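A.B. asks: Its first residue numbered 5, the sequence shown is counted upward by one per residue in this note's numbering. Got a structure for you, written out below as structure tokens; questions coming shortly.
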Amino acid sequence: MENPVMIIGAGGLGKAALDIFQSNGILVYGLLDYDKKLHGAEINDVVVMGDPEDDGFLKYIGKKCQAFVALENNQERKAIVDLLKTRRKVMPINAIHPSAFISSTAQMSQGSFINAGVSVGAFAKIGNHCIIHSKATIEHQAQLSDYIQVGAGSIINSGVVIGEGSFIGSGVTVVSGVKIGKNASVGAGSVVIGDVKNGQTVFGNPAKSV
């Protein structure tokens, strides 16, 4: 069994991460969340202990347990990752559902959320702190940079390159070889057949700038 985990974030993503760790037989010490209304509550027999920046709880990370950051907002996620690196000298671990398939030749970084039924193909690269929702497919040699979110059921085809901080909605298809820039957004159900610029938002079939 791996070391116990503290989950930072008790919202929807935190609950999903809790399910992943428990499904893998990993003990979860507790959850931390900024919402004081959640403090003391139990989620599947695990207590929301308190605030993520409380040293009374943070002191256990890196000594008695590891950490996973379950915050969907990239700014909040980055802030907590920076806090863990500076105050605890640790990086968050990955949360990978036992039903996910990850090729033995794929490159996985740290702190990512990989939900049920996800498939990551040969020689694909997944950056740090990505969120890949249920049944998304990352085909061979696709490259995802850091802090990317891929919605449920999306298909990122072979050789696609996605820049840091980009958001790919649910049910999106990105055609082979397409490049998506940093902090771009692709609306749900879109089919992306051409490159997307940094910060651009696209939607539709074929996807166009909006």
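Idealized CB from N, CA, C, for every residue including glycine. These numbers come from a predicted model, not from an experiment.
#1: For the pair the segment 62-79 and the segment 100-110, tell me if three or more CB-CB distances fall below 8 Å.
#2: Do three or more CB pairs link the segment 157-165 to the segment 173-190 at distances below 8 Å?
#3: So, are the CB atoms of residue 203 and residue 187 less than 8 Å apart?
#4: Compare the beta carbon distance of residue 115 and residue 85 with 8 Å and say whether it is the shorter of the two.
#5: Just confirm the distance between the C-beta atoms of residue 155 and residue 176, as a whole number of angstroms; I'd bet it's less than 8 Å.
#6: To the nearest angstrom, report how far apart residue 121 and residue 53 are at their CA atoms.
#7: Closest to residue 208 by C-alpha separation, out of 100, 195 and 200, would be which residue?
#8: Spell out the partners DSSP gives residue 177 in its beta bridges.
#9: Is residue 136 near residue 117, with beta carbons less than 8 Å apart?
#10: Give me the DSSP bridge partner(s) of residue 69.
#11: Along the alpha helix (DSSP H) that carries residue 75, what are the first and last residues, could you check?
#12: Less than 8 Å separating the beta-carbons of residue 71 and residue 47?
#13: In whole angstroms, give me the CA-to-CA distance for residue 5 and residue 30.
#14: Taking 8 Å as the cut-off, decide whether the C-beta atoms of residue 99 and residue 24 are in contact.
#15: Which residue from 132, 81, 63 and 61 puts its Cα closest to that of residue 4?
#16: Below 8 Å between beta carbons: does that hold for residue 35 and residue 57?
#17: In whole angstroms, what is the alpha-carbon distance linking residue 130 and residue 168?
C.D. replies: A quick look at the data gives this:
#1: no
#2: yes
#3: Taking the first residue of the sequence shown as 1, we reach residue 203 at position 199. Taking the first residue of the sequence shown as 1, we reach residue 187 at position 183. Yes, they are a contact pair.
#4: Taking the first residue of the sequence shown as position 1, residue 115 is located at position 111. Taking the first residue of the sequence shown as position 1, residue 85 is located at position 81. Yes, they are a contact pair.
#5: The count along the sequence shown starts at 1 and reaches residue 155 at position 151. The count along the sequence shown starts at 1 and reaches residue 176 at position 172. About 6 Å; that satisfies the 8 Å criterion.
#6: The residue you call residue 121 lines up with position 117 of the sequence shown. The residue you call residue 53 lines up with position 49 of the sequence shown. Their backbone Cα atoms lie some 30 Å apart in a straight line.
#7: Stepping through the sequence shown from its first residue, residue 208 is reached at position 204. Closest option to residue 208, Cα to Cα, is 195.
#8: Working through the sequence shown from its first residue, we reach residue 177 at position 173. Note: residue 177 sits in a beta bridge opposite 159 and 195.
#9: Here the question's residue 136 lines up with position 132 in the sequence shown. Here the question's residue 117 lines up with position 113 in the sequence shown. Yes, they are a contact pair.
#10: For the purposes of this step, residue 69 is taken as residue 65 along the sequence shown, with counting starting at 1. Looking at the DSSP assignment, residue 69 forms a beta bridge with 65.
#11: Here the question's residue 75 lines up with position 71 in the sequence shown. Counting along the chain, residue 75 falls outside any alpha helix (DSSP H), and DSSP gives it neither H nor E.
#12: To locate residue 71, count along the sequence shown from 1; it is residue 67. To locate residue 47, count along the sequence shown from 1; it is residue 43. No; because the gap between Cβ atoms is not below 8 Å, this pair is not in contact.
#13: Taking the first residue of the sequence shown as 1, we reach residue 5 at position 1. Taking the first residue of the sequence shown as 1, we reach residue 30 at position 26. Because the pLDDT of residue 5 is 46, which lies under 50, any placement of that residue in the model is unreliable, and the number read from its coordinates should be weighed accordingly. One C-alpha to the other measures close to 6 Å.
#14: Position 95 of the sequence shown holds residue 99. Position 20 of the sequence shown holds residue 24. Yes, the pair counts as a contact, with Cβ atoms nearer than the cut-off.
#15: As shown, the chain starts at 5 and ends at 214. That puts residue 4 outside it, with no answer to give.
#16: Counted from its first residue, the sequence shown places residue 35 at position 31. Counted from its first residue, the sequence shown places residue 57 at position 53. Remark: C-beta atoms of residue 35 and residue 57 do not approach each other more closely than 8 Å.
#17: In the sequence shown, counting from the first residue as 1, residue 130 sits at position 126. In the sequence shown, counting from the first residue as 1, residue 168 sits at position 164. Each residue's Cα considered, the two are about 11 Å apart.
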